[in-house]
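Residues 55 to 690 (the working numbering) make up the sequence shown, in order.
Where is the CB? At the ideal position from N, CA and C, for every residue including glycine.
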Amino acid sequence: MSIHECSRYREVHARSVSDPEGFWGEAAREIDWIQAPTKVFDPSKGLYGRWFADGVVNTCYNALDRHVEGGRADQLALIHDSPVTGTVTKFTYRQLLDEVKAFAAVLADLGVGKGDRVIIYMPMVSEAVVAMLACARLGAVHSVVFGGFAAKELATRINDAKPKVILSASCGIEVSRIVPYKPLLDDAIALAAHQPESCVILQRPQLKADLINGRDHDWATLRAEAIAAGKSAPCTPVLATDPLYILYTSGTTGQPKGVVRDNGGYLVALKWTMENLYGVKPGEAWLCTSDIGWVVGHSYIVYGPLFHGATTIMYEGKPVATPDAGAFWRLVEDYKAVALFTAPTAFRAIRKEDPEGAFIKKYDISTLRTLFLAGERADPPTVEWAEQQLKLPVIDHWWQTETGWCIAGNPVGLGLLPVKHGSPTVPMPGYQLEVVDEAAKPVPAGTMGSIVIKLPLPPGCLPTLWEQDERCRESYFADYPGYYKTSDAGYMDEDGYVFVMGRTDDIINVAGHRLSTGGMEEILASHPDVAECAVLGVADPIKGEVPCGFLVLKSGVTRDHAEIEKEVVKLVRDKLGPVAAFKLAVTVGRLPKTRSGKILRGTMKKIADGEAWSMPATIEDPNALEEISVALKSHH
Numbered sequence: 055m056s057i058h059e060c061s062r063y064r065e066v067h068a069r070s071v072s073d074p075e076g077f078w079g080e081a082a083r084e085i086d087w088i089q090a091p092t093k094v095f096d097p098s099k100g101l102y103g104r105w106f107a108d109g110v111v112n113t114c115y116n117a118l119d120r121h122v123e124g125g126r127a128d129q130l131a132l133i134h135d136s137p138v139t140g141t142v143t144k145f146t147y148r149q150l151l152d153e154v155k156a157f158a159a160v161l162a163d164l165g166v167g168k169g170d171r172v173i174i175y176m177p178m179v180s181e182a183v184v185a186m187l188a189c190a191r192l193g194a195v196h197s198v199v200f201g202g203f204a205a206k207e208l209a210t211r212i213n214d215a216k217p218k219v220i221l222s223a224s225c226g227i228e229v230s231r232i233v234p235y236k237p238l239l240d241d242a243i244a245l246a247a248h249q250p251e252s253c254v255i256l257q258r259p260q261l262k263a264d265l266i267n268g269r270d271h272d273w274a275t276l277r278a279e280a281i282a283a284g285k286s287a288p289c290t291p292v293l294a295t296d297p298l299y300i301l302y303t304s305g306t307t308g309q310p311k312g313v314v315r316d317n318g319g320y321l322v323a324l325k326w327t328m329e330n331l332y333g334v335k336p337g338e339a340w341l342c343t344s345d346i347g348w349v350v351g352h353s354y355i356v357y358g359p360l361f362h363g364a365t366t367i368m369y370e371g372k373p374v375a376t377p378d379a380g381a382f383w384r385l386v387e388d389y390k391a392v393a394l395f396t397a398p399t400a401f402r403a404i405r406k407e408d409p410e411g412a413f414i415k416k417y418d419i420s421t422l423r424t425l426f427l428a429g430e431r432a433d434p435p436t437v438e439w440a441e442q443q444l445k446l447p448v449i450d451h452w453w454q455t456e457t458g459w460c461i462a463g464n465p466v467g468l469g470l471l472p473v474k475h476g477s478p479t480v481p482m483p484g485y486q487l488e489v490v491d492e493a494a495k496p497v498p499a500g501t502m503g504s505i506v507i508k509l510p511l512p513p514g515c516l517p518t519l520w521e522q523d524e525r526c527r528e529s530y531f532a533d534y535p536g537y538y539k540t541s542d543a544g545y546m547d548e549d550g551y552v553f554v555m556g557r558t559d560d561i562i563n564v565a566g567h568r569l570s571t572g573g574m575e576e577i578l579a580s581h582p583d584v585a586e587c588a589v590l591g592v593a594d595p596i597k598g599e600v601p602c603g604f605l606v607l608k609s610g611v612t613r614d615h616a617e618i619e620k621e622v623v624k625l626v627r628d629k630l631g632p633v634a635a636f637k638l639a640v641t642v643g644r645l646p647k648t649r650s651g652k653i654l655r656g657t658m659k660k661i662a663d664g665e666a667w668s669m670p671a672t673i674e675d676p677n678a679l680e681e682i683s684v685a686l687k688s689h690h
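#1: Judging by CA-CA distance, which residue of Ala494, Asn116, Asp523 is the nearest neighbour of Leu101?
#2: In terms of residues, what are the limits of the beta strand (DSSP E) holding Lys697?
#3: Determine the extent of the beta strand (DSSP E) in which Asp86 is found, giving its start and end residues.
#4: Taking all protein chains shown into account, do 16 or more other C-beta atoms lie within 10 angstroms of the C-beta of Pro377, making it buried, or fewer, making it exposed?
#5: Would you kindly work out how many angstroms separate the C-alpha atoms of Arg655 and Phe531, rounded to a whole number?
#6: Using CA atoms only, rank isn't needed, just tell me which of Val292, Leu276, Val138 is closest to Lys285.
#7: Please list the segments of the alpha helix (DSSP H) lying wholly inside the segment 515 to 585, counting only runs of 4 or more residues, in order along the chain.
#8: Where does the unbroken alpha helix (DSSP H) through Phe382 begin, and where does it stop?
#9: Return helix, strand or coil for Asp108, following the three-state DSSP convention.
#10: Tell me the DSSP secondary structure of Arg405 in three-state form.
#11: Per the contact definition of three or more C-beta pairs closer than 8 angstroms, is the segment 80 to 87 in contact with the segment 109 to 127?
#12: If you follow the beta strand (DSSP E) that Trp326 is part of, which residue opens it and which one closes it?
#13: My guess is that Val334 and Ala364 are in contact by the Cβ rule of under 8 angstroms, so how many angstroms apart are they, rounded?
#14: Cα separation between Lys390 and Glu621?
#15: Could you tell me the distance, in whole angstroms, from the CA atom of Gly305 to the CA atom of Lys415?
#16: I believe Ala698 touches Leu245 by the beta-carbon criterion, under 8 angstroms. Please report the beta-carbon distance rounded to the nearest angstrom.
#17: What residue from Ala462, Ile505, Gly536, His475 has the CA that sits closest to Asp542's CA?
#18: By how many angstroms is the C-alpha of Ile133 removed from the C-alpha of Thr143?
#19: Between which two residues does the alpha helix (DSSP H) containing Lys659 stretch?
#20: Are the CB atoms of Ile174 and Ala190 nearer to each other than 7 angstroms?
#21: So, do the segment 445 to 460 and the segment 311 to 322 have three or more beta carbon pairs nearer to each other than 8 angstroms?
#22: Roughly how many angstroms lie between the CA atoms of His271 and Gln257, to the nearest whole one?
#23: Within a Cβ cutoff of 6 angstroms, which residues of the same chain sit near Gly572, ignoring the five residues on either side of it in sequence?
#24: Within 10 Å of its beta-carbon, does Pro373 have 16 or more other beta-carbons around it, so buried, or fewer, so exposed?
#25: Whole-angstrom Cβ separation of Val480 and Tyr545, contact assumed at under 8 angstroms?
#26: On the DSSP bridge list, what partners appear for Ser705?
#27: Between Lys155 and Pro517, what straight-line distance do the alpha-carbon atoms span, to the nearest angstrom?
#28: State buried or exposed for Ser477, treating a residue as buried only when at least 16 other CB atoms are found within 10 Å of its CB.
#29: When burial is assigned at 16 or more other CB atoms within 10 Å of the CB, is Arg104 buried or exposed?
#30: Between which two residues does the beta strand (DSSP E) holding Leu425 run?
#31: Going by CA-CA distance only, name the one from Leu422, Thr657, Asp135 that's closest to Ser668.
#32: Only counting the same chain, and skipping five residues up and downstream in sequence, which positions put a Cβ closer than 6 angstroms to that of Thr399?
#33: I'd like the list of long-range same chain contacts for Ala209, defined as Cβ closer than 6 angstroms, with 5 residues on each side in sequence excluded.
#34: Taking the CB atoms as reference points, tell me whether Ala494 and Tyr534 lie closer together than 7 angstroms.
#35: So for Tyr299, helix, strand or coil by DSSP?
#36: If you follow the beta strand (DSSP E) that Met368 is in, where does it begin and where does it stop?
Structure representation (structure tokens):
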């Protein structure tokens, strides 16, 4: 299959590689600079060079002020929809700017200025967006920590970022419970060596928090005082290379890895993606159901859509159970969203609850043009189900916290390419991908290896880790000189399509054969009774490792679990052959996942291998790991 001739992808990507300065210099014209950069790329700065090094800019100005000045003042900028509280709040660009100006003045009164750090430990509320943009307005560096994160993990981030101020809320609201945030925050500050000067707490009506005299302030009171006094903070000019935020990668232990994002490169890259990758026009409504604690929430709930002048929908709820599997379709109908960006795990949850797609038919989703999936590998059965139900392009795309935006995808705005199930399609402009062996030598098409990106990385990607240049070099640039190591394994086919089969540690070695657990998961997921699954390598005294499959069945499946387990074992043997040594499948009620939907394979493997393990801070439901332990014991 050749790449569609009607797509402009091939020529655009070729230009981005042959003339990166021309390409990104042109993209940079879409940004309002205080002082336009004279040099697009400076190879002498940073670990691999820096983009727009002498440019001066303000990110908040590009997200809000310029749209208010340019005729979008009365267009909706942000819609906050919260089924867990039964509220919807809408902000025009002018209203959102007024909120941000006032709250930036509050932060300035607390001593926050250019370069100071502010930790934001909040649920999915509109105030969190206001807080991020207020920091950007002042040139302060925000670090959003997922609301409800364990106190110990929050403490390590407080010690690393050394915030002057911490912004939080009294609680987060889950489907069946209220999560008090303030006790977690107090415990974290007690554990931390670094102490913030002040905390600002948003009191939610569902649960009031106790405030500590002298340190804690009430959000609503400070906001009201600033507005009554007519206080407003202007935009602080910053260098394009100054940090906008620090985002800690999930699952880190000990010293966390704080990925740094700069202002200028991020602005240019995200603005470019909204139309070219996602096919969204200014003024259209865009629905991204991530969380602001994750990179997808930073890039595509907050910054990208606002840089572009679109309307962004922020959702405080779940794909199912708030109230049902029709939640996303209601949002599309209510706000006329043209594109939906969610995680494959959310779609598997919807498919499990609504296998026939009955809820999809209840809503008018005629405005929806595309479904985007990212966050983990989109397994072909889930993609096929979504295609059949929605009759729309379903676009898997692949990126990382470190890159800040898409590495490989299918660029809607440049003309869609044919979809190949199991592939996030092709490298995006600015990314030169190669698949290499352990000696950093390129491998032939179709051969499994480590996926690497030729330096320099495009604008928007990490320049370094927070105050850890050497660790950044070792983690990402040392193993393959001249390249960035993605730590993902996979292959590229003859058409240049990328297949990401899992982290490099998800390749298991069965009696000398290198096998991808992602490939086995694809086979298990094709079984009609399986809603989702995970395969991992379990230690074996003879073969080194053998694969073990964990199955979650679809709602309403009443057949004997042992029968289904036998069938999937046979499926893998039929499709991969006996070399896979796939003999063990275990049915469980749910898979243990992080709050961002990634399956906790490392911890599952430790349980299966009988090693000591501890409860990860990022886990969504701690009981899920106990279930794995019990299920494995019953199969041994």
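Working from what's here:
#1: Locating residue 101 in the sequence shown gives position 47, where the first residue counts as 1. Nearest C-alpha to Leu101: Asp523.
#2: Nothing about residue 697 can be read from this structure; the chain reaches only from 55 to 690.
#3: The sequence position of residue 86 within the sequence shown is 32, counting from 1. Here Asp86 belongs to no beta strand (DSSP E), and DSSP marks it neither H nor E.
#4: Residue 377 sits at position 323 when you count from the first residue of the sequence shown. With fewer than 16 Cβ atoms within 10 Å of its Cβ, Pro377 is classed as exposed.
#5: Here residue 655 refers to the residue found at position 601 of the sequence shown. Here residue 531 refers to the residue found at position 477 of the sequence shown. C-alpha separation (whole angstroms): 25 angstroms.
#6: Taking the first residue of the sequence shown as 1, we reach residue 285 at position 231. Of the listed residues, the one whose Cα sits closest to Lys285 is Leu276.
#7: 523 to 526, 571 to 579
#8: Reading the sequence shown from its first residue, position 328 is the one you call residue 382. That run of the alpha helix (DSSP H) goes 381 to 389.
#9: Reading the sequence shown from its first residue, position 54 is the one you call residue 108. Coil, per DSSP.
#10: Taking the first residue of the sequence shown as 1, we reach residue 405 at position 351. Correct three-state label for Arg405: helix.
#11: The segment 109 to 127 vs the segment 80 to 87: in contact.
#12: Translated into positions along the sequence shown, residue 326 becomes position 272. Element bounds for Trp326: not the beta strand (DSSP E) but the alpha helix (DSSP H), 318 to 330.
#13: If you number the sequence shown from 1, residue 334 lands on position 280. If you number the sequence shown from 1, residue 364 lands on position 310. Sure, about 6 angstroms apart at Cβ, within 8 angstroms.
#14: For the purposes of this step, residue 390 is taken as residue 336 along the sequence shown, with counting starting at 1. For the purposes of this step, residue 621 is taken as residue 567 along the sequence shown, with counting starting at 1. Answer to the nearest angstrom: the Cα atoms are 43 angstroms apart.
#15: The sequence position of residue 305 within the sequence shown is 251, counting from 1. The sequence position of residue 415 within the sequence shown is 361, counting from 1. In this prediction, Gly305 has a pLDDT of 42, which is less than 50 and means its spatial position is unreliable; what the coordinates show is noted afterwards. Each residue's Cα considered, the two are about 38 angstroms apart.
#16: The first residue shown for the chain is 55 and the last is 690, placing residue 698 beyond what the model contains.
#17: By one-based count along the sequence shown, residue 542 stands at place 488. Nearest C-alpha to Asp542 among Ala462, Ile505, Gly536, His475: Ile505.
#18: If you number the sequence shown from 1, residue 143 lands on position 89. If you number the sequence shown from 1, residue 133 lands on position 79. So the two alpha carbons sit approximately 6 angstroms from each other.
#19: Taking the first residue of the sequence shown as 1, we reach residue 659 at position 605. That run of the alpha helix (DSSP H) goes 655 to 662.
#20: Reading the sequence shown from its first residue, position 120 is the one you call residue 174. Reading the sequence shown from its first residue, position 136 is the one you call residue 190. It is not a contact, given that the beta carbons lie outside the stated cut-off.
#21: Per the Cβ contact rule, the segment 445 to 460 is in contact with the segment 311 to 322 (3 or more Cβ pairs under 8 angstroms).
#22: The residue you call residue 271 lines up with position 217 of the sequence shown. The residue you call residue 257 lines up with position 203 of the sequence shown. Distance between the alpha carbons of His271 and Gln257: 10 angstroms.
#23: Your numbering for residue 572 matches position 518 in the sequence shown. Within the same chain, Gly572 has close Cβ partners Arg431, Met555, Gly556.
#24: In the sequence shown, counting from the first residue as 1, residue 373 sits at position 319. With 16 or more Cβ atoms within 10 Å of its Cβ, Pro373 is classed as buried.
#25: Taking the sequence shown and counting its residues from 1, one reaches residue 480 at position 426. Taking the sequence shown and counting its residues from 1, one reaches residue 545 at position 491. With a Cβ gap of about 14 angstroms, Val480 and Tyr545 do not count as contacting.
#26: It is not possible to answer for residue 705, since the shown part of the chain is limited to 55 through 690.
#27: Reading the sequence shown from its first residue, position 101 is the one you call residue 155. Reading the sequence shown from its first residue, position 463 is the one you call residue 517. CA-to-CA, the gap between Lys155 and Pro517 works out to about 29 angstroms.
#28: Counting from 1 along the sequence shown, the entry for residue 477 is found at position 423. Answer is buried; the Cβ neighbour count reaches 16.
#29: If you number the sequence shown from 1, residue 104 lands on position 50. Classification of Arg104: buried, given that the 10 Å Cβ count is 16 or more.
#30: Here residue 425 is taken as the residue at index 371 of the sequence shown, counted from 1. Counting along the chain, the beta strand (DSSP E) containing Leu425 begins and ends at 424 to 427.
#31: For this step, residue 668 is matched to residue 614 along the sequence shown. Closest by alpha carbon: Thr657.
#32: Against the sequence shown, residue 399 aligns to sequence position 345. Here the set comprises Gly651.
#33: In the sequence shown, counting from the first residue as 1, residue 209 sits at position 155. Taken in chain order, the residues that qualify are Ala242, Leu245, Ala246.
#34: Numbered from its first residue, the sequence shown carries residue 494 at position 440. Numbered from its first residue, the sequence shown carries residue 534 at position 480. The answer is yes: Cβ separation under 7 angstroms.
#35: The sequence position of residue 299 within the sequence shown is 245, counting from 1. In the structure shown, Tyr299 sits in a strand (DSSP, three-state: E or B).
#36: For the purposes of this step, residue 368 is identified with residue 314 of the sequence shown, where counting begins at 1. Run containing Met368: 365 to 369, per the beta strand (DSSP E) assignment.
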